[in-house]
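**Q**
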Amino acid sequence: MENKLAQIRKEKKIGQGYLVDRLGVSRQTISSIENGRCTPSLELALDLANLLGLPLEELFIHENRFSQS
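As structure tokens, this is what we get:
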């Protein structure tokens, strides 16, 4: 799943440390999500979106595999 976490975080001038402190996760977790090495749990994804003041679908991009073509 693609995400815009790093881009949005930088636009809002928020450091990884802020997310780490607020969410109670490791810096490695935030880095892994930003680099696409892992997909966050639904709970963490929602927390990230809420913390950044964004709808979930603006932060994370998921290809609809069931769209009608």
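Under this note's numbering, residues 197 to 265 are what the sequence shown spells out, in order.
All residues carry an ideal CB built from backbone N, CA and C; glycine is no exception.
Fair warning: this is a prediction, and the values are worked out from it, not measured in the lab.
What is the DSSP secondary structure of Asn246, reduced to helix, strand or coil?
**A** Helix, per DSSP.
**Q** By Cβ distance below 8 angstroms, which residues in the same chain neighbour Ala245 in space, the five residues on each side in sequence not counted?
**A** These residues qualify, in order along the chain: Pro251, Leu252, Glu254, Leu255 and Phe256.
**Q** Compare the C-alpha of Gln203 against each of Glu259, Leu248, Ser263 and Gln264 and name the closest.
**A** Per the Cα distances, Leu248.
**Q** With H, G and I counted as helix, E and B as strand and the rest as coil, what does DSSP make of Ile204?
**A** Ile204: helix per DSSP, three-state reduction.
**Q** Assuming Leu201 and Glu230 are in contact, meaning their beta carbons sit under 8 angstroms apart, how far apart are those beta carbons, in whole angstroms?
**A** With a Cβ gap of about 5 angstroms, Leu201 and Glu230 count as contacting.
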